[in-house]
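In short: position in the sequence shown from 1, add 166, done, that's the working numbering. The beta carbon of each residue, even a glycine, is placed where N, CA and C say it ideally should be. Quantities reported herein were computed from a predicted structural model and do not represent experimental measurements. One structure below.
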Amino acid sequence: MTSSVFGGIAARNFGYAKVEIAKSIAQHDGCCEVYIHLNPEIAKNKQGIEYRDNRNDNKHDQNVDALHSRIEESMLKIWRKQSQKLAKRCLPPLIIADSTGMKKVLQSIEVIAPTTATLLIQGQTGVGKELVARAIHAMSDRCNKVFVPINCGAIAESLLESALFGHEKGAFTGAIAENQGNGAIAK
167 MTSSVFGGIA ARNFGYAKVE IAKSIAQHDG CCEVYIHLNP EIAKNKQGIE
217 YRDNRNDNKH DQNVDALHSR IEESMLKIWR KQSQKLAKRC LPPLIIADST
267 GMKKVLQSIE VIAPTTATLL IQGQTGVGKE LVARAIHAMS DRCNKVFVPI
317 NCGAIAESLL ESALFGHEKG AFTGAIAENQ GNGAIAK
């Protein structure tokens with residue numbers, strides 16, 4: 167159920183787990199309403215007409231059409247929420263490529279971007295490592311967060327740890343102020 171979208175769930179009886187299931191669904195997605203029969207004896211004889219809405223204390227829907235319209239309203243809320251998320255997505259930088267090698271790189275970007283994998287991009291100066299990193303960032307779920315490019319080759323080896331992870335004031339000679347580091351900035 168975590169990979170699907172529901173506007174509403176109607177059930178006669180979930181047994182003893184109905185409260186836990188309803189809570190879990192509500193935590194996962196606030197748009198999905200759960201309708202559950204309160205009385206198991208009544209639920210046995212009904213054909214799915216009477217349902218309880220947790221949001222409207224003990225009010226019963228006597229009409230299946232009313233239930234359908236409420237589920238449709240919930241689906242509209244979900245679709246609006248998803249379209250807003252898509253509108254906030256970032257556009258990847260334009261990478262124009264004709265060679266088979268670069269086409270493979272572009273395919274790899276599409277595969278890697280949705281994952282949370284850690285990766286190291288290597289290559290000679292000027293081949294577009296930062297452009298590839300920006301494309302991965304723009305196509306990921308973190309696209310609305312800060313992108314911090316770091317040229318590790320330009321940082322002295324003795325200062326690399328401090329530049330990445332930060333330092334406290336007075337941690338070493340020349341540390342006149344606290345520095346949170348690029349890793350903390352990128353969170």
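By the C-beta density criterion, residue 262 is exposed, having fewer than 16 other C-beta atoms within 10 angstroms. When DSSP assignments are scanned along the stretch 268-312, no uninterrupted stretch of beta strand (DSSP E) that is 3 or more residues long falls wholly within it. The shortest C-alpha to C-alpha distance from residue 292 to any of 310, 329 and 317 is the one to 317. If you draw a 10 Å sphere on the C-beta of residue 351, you find fewer than 16 other C-beta atoms in it, and that means exposed. In its chain, beyond the 5 residues on either side, 341, 342, 343 and 344 have a beta carbon closer than 7 Å to the beta carbon of residue 335. Following the DSSP letters along the chain, one finds residue 329 inside the alpha helix (DSSP H) bounded by residues 323-331. The beta carbon of residue 275 lies closer than 6 Å to those of 301 and 302 in the same chain, with the five residues before and after it left out. CA-CA distance, residue 307 to residue 349, rounds to 18 Å.
In this structure, DSSP gives residue 348 a helical state, which the three-state scheme calls helix. Secondary structure of residue 335 (DSSP, three-state): coil.
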